[in-house]
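Residue numbers (the UniProt record's numbering): 1 to 818. What follows is a short report on a single structure.
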């Protein structure tokens, strides 16, 4: 029997009451609610399974370690065997295999945004079916007390849901066929009663709202602006008679698009509620009052925010009295500089010309990129992240605090006299506490994405020892303080075996963790388990400790030997973390029958800034030695790994490393290699778009330091290439152009080396279309499997989250726990 995430959800605890009314229907049963011992107050509890009003049996939860999360699904098979076998004699237990179809079809959720009372959370969820070859898009509301969710809308154009005032009303955006965007208002308790509050004449996204006063909601959205400052709508644009493009400055193209005259802009407006109707005694409806270009009104010529290509809601924030955003310096070449400024715009009115000026906040010595600006609840202070070095996109993020935006003074928290800073980690996100007295700081740390709390009472003299660590495992993606005068946080995270986990943590007592929702149920929904995951440390170059994750097959048997899949990450300033991925997922490789090992060599993030910086001028040097010594360690210490059947794979910088390894002795220790969108020739990086990257990592332009560009060029060592090699490169990859992949494949073919070339004309540096990604996985697995003696993958497409159920599954879905 196969349980989809929704089938298993039907076995979750049925509460006696729910914040969601019975009238609210759901297209699927509620999310499974994992349990933590603190919910029970004891380590052992009894769960009774009732079927047709017959108490059939009970199950005793085993003792658990403190602060260890216990999922009903990890009890799964034993509970079902014990509880259901007596009522269903024909029932069999069949565990699901984690295939690419399962990976790509699994629901993907946004962070859960709680309402003002902390009882409900709204989120978006998408999934893909390989049966119907279609995508489902939903806005859903979760009852935080019970973990049950209800569908609000499955309109394909719905996005960006937000709560309105101190109520259970919602507003979200709806994209229309003509490119316009409507603001839809609905109620979480009466989902069939929605209305359009207004429509704006173009595509907008990333909605944020703030209560200005009762009945008045300020909002901000992101949309493209024409050169004259008006909202751009591609459906209304006149098609030029010529396809020619003339450029006189950089960028020419960025990521996967050619640069057009339109630029990103932040737009603001007001949602205003009509007065109470004397006749019906019903509250009036909201309506949209205008849409104004913030950047244009403030006279910020040349300024663009959010910052392309990936900027979104994380590049700006709003409060009742202000909007804050970050943008690149308009006076510098964006292709060779990363320097940013923070702009504070006081909002005197949310209609028309409400923002008349923008205060620029700067701090001496911080000349690099800025990100993650957040405003305190009343807009009186700002926190954000900033880097020191212009042109270095992976410099250490410093925490900056602006106590009074009117004078623009920035305080660097944990500053030091030598400029290095007292905290060696690089934060990635900030969130104000409800009382504005502390910040919640997201940061990579030794292969995990953890959360700290930073008090703000003495920021000028703070040291890192004031930080309080709130989480220790997995990867935190979103943080939401629940209600005022509460120490509870709603946290979204994931891990190597679970794609979406939502927990409530008490910041006063971090042992109190309540799991309210988990798609992966600790991995069990995918046939995975945390016991598959391990980690190792080994001595790399210069005897420096290097960390790596180890992921074993779910059917791992001690005493057996398994082929090795050695995965090298991109960046190069990146890391393999205890983190879910739909593009490079170690667990889906492991389920092919590999032991997967993912080293974090020199250049990786989360191990201190000097470790990250060490790759500069050493692309094929220190990281190569780290990777080689990692393989030595595996061979000498992990007796369950058969290193005579090893394959290596990598993307971007990892793809560069595959090409580099191919031309060096390490390449002979692998049966096959896979390069995805990798560098073949360092000189070809001059065709890339973000030129500040090679300029920094190679120590300058090619005409000044040609020896640096030549030293680490994989194309110089093609005479040594001989290992079977799969090359993947996509046509819309403007970060590393398709010529890199074609050149590598041409060399392999001319040398008579077993090789293959896979390309997608509609994909960029990443493969995002589910159907394309499925082909990518099948091609990669078929390539590496044949060289290590594993069977090829099949073309069978199994949708693990299909609504189709067998008669037995329908009967099981009717069971409830009480």
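Glycine is no exception: its CB is placed at the ideal position from the N, C-alpha and C atoms.
- Here residue 503 is not near residue 519, since their CB atoms are 8 Å or more apart.
- Residue 115 sits buried, since 16 or more C-beta atoms from the chains shown fall within 10 Å of its C-beta.
- Inside the stretch 194 to 252, DSSP marks whole beta strand (DSSP E) runs of 3 or more residues at positions 205 to 213 and 216 to 225, from first to last along the chain.
- By the criterion of a C-beta distance shorter than 6 Å, residue 622 is surrounded in its chain by 541, 602 and 614, once the five residues flanking it on both sides are discounted.
- Residue environment for residue 458: exposed (fewer than 16 other C-beta atoms within 10 angstroms of its C-beta).
- Cβ atoms of residue 108 and residue 129 stay farther apart than 8 Å, at about 13 Å.
- Secondary structure note for residue 183: its beta strand (DSSP E) is the uninterrupted segment 181 to 187.
- For residue 785, the enclosing alpha helix (DSSP H) starts and ends at 770 to 788.
- In its chain, beyond the 5 residues on either side, 483 have a beta carbon closer than 7 Å to the beta carbon of residue 117.
- For the pair residue 350 and residue 269, the CB atoms are nearer than the 8 Å cut-off.
- Within the same chain, no Cβ atom closer than 7 Å to the Cβ of residue 768 is found once the five residues on either side in sequence are excluded.
- Between the stretch 324 to 336 and the stretch 271 to 291 there are fewer than three inter-stretch CB-CB distances shorter than 8 Å, so the stretches are not counted as touching.
- In the three-state DSSP reduction, residue 133 falls in the coil class, being neither helix nor strand.
- In this structure, the straight-line span from the alpha carbon of residue 724 to that of residue 435 is close to 59 Å.
- For the beta strand (DSSP E) assignment, the uninterrupted runs of no fewer than 3 residues enclosed by the stretch 467 to 513 are, from N- to C-terminal side, 475 to 481, 488 to 494 and 501 to 506.
- Nearest C-alpha to residue 174 among 183, 168 and 166: 183.
- Here the C-alpha atom of residue 135 lies approximately 34 Å from the C-alpha atom of residue 672.
- If you draw a straight line from the Cα of residue 301 to the Cα of residue 336, it comes to about 20 Å.
- Less than 8 Å separates the beta-carbon of residue 631 from that of residue 669.
- Contact between the stretch 461 to 476 and the stretch 437 to 453 is present: 3 or more CB-CB pairs across the two stretches fall below 8 Å.
- In the three-state reduction of the DSSP assignment, residue 683 falls in the helix class.
- Annotation for residue 609: the continuous alpha helix (DSSP H) segment containing it runs 609 to 613.
- Between residue 515 and residue 213, the alpha-carbon positions lie close to 35 Å from each other.
- In the DSSP assignment, residue 739 falls within the alpha helix (DSSP H) that extends over 738 to 750.
- Only residues of its own chain outside the window of five on either side were considered, and among them 681, 682 and 683 have a CB closer than 8 Å to the CB of residue 713, listed in chain order.
- Distances from the CA of residue 139 to each of 191, 794 and 567 were compared; the closest alpha carbon is that of 191.
- Burial state of residue 378 is exposed, judged by a 10 Å Cβ sphere holding fewer than 16 other Cβ atoms.
- Taking a cut-off of 8 Å on C-beta distances, the stretch 605 to 613 touches the stretch 417 to 437, as three or more cross pairs fall below it.
- Under the three-state reduction of DSSP, residue 720 is assigned to helix.
- Burial check for residue 686: the Cβ neighbour count within 10 Å stays below 16, so the residue is exposed.
- If you check the CB distance, residue 532 and residue 513 do not come in under 8 Å.
- Beta-bridge partners of residue 172 (DSSP): 184.
- Rounded to whole angstroms, the separation of the alpha carbons of residue 726 and residue 359 is 52 Å.
- Around the C-beta of residue 750, fewer than 16 other C-beta atoms lie within 10 Å, and the residue is accordingly described as exposed.
- C-alpha of residue 711 to C-alpha of residue 660: approximately 11 Å in a straight line.
- Secondary structure at residue 101: helix, using DSSP grouped into helix, strand and coil.
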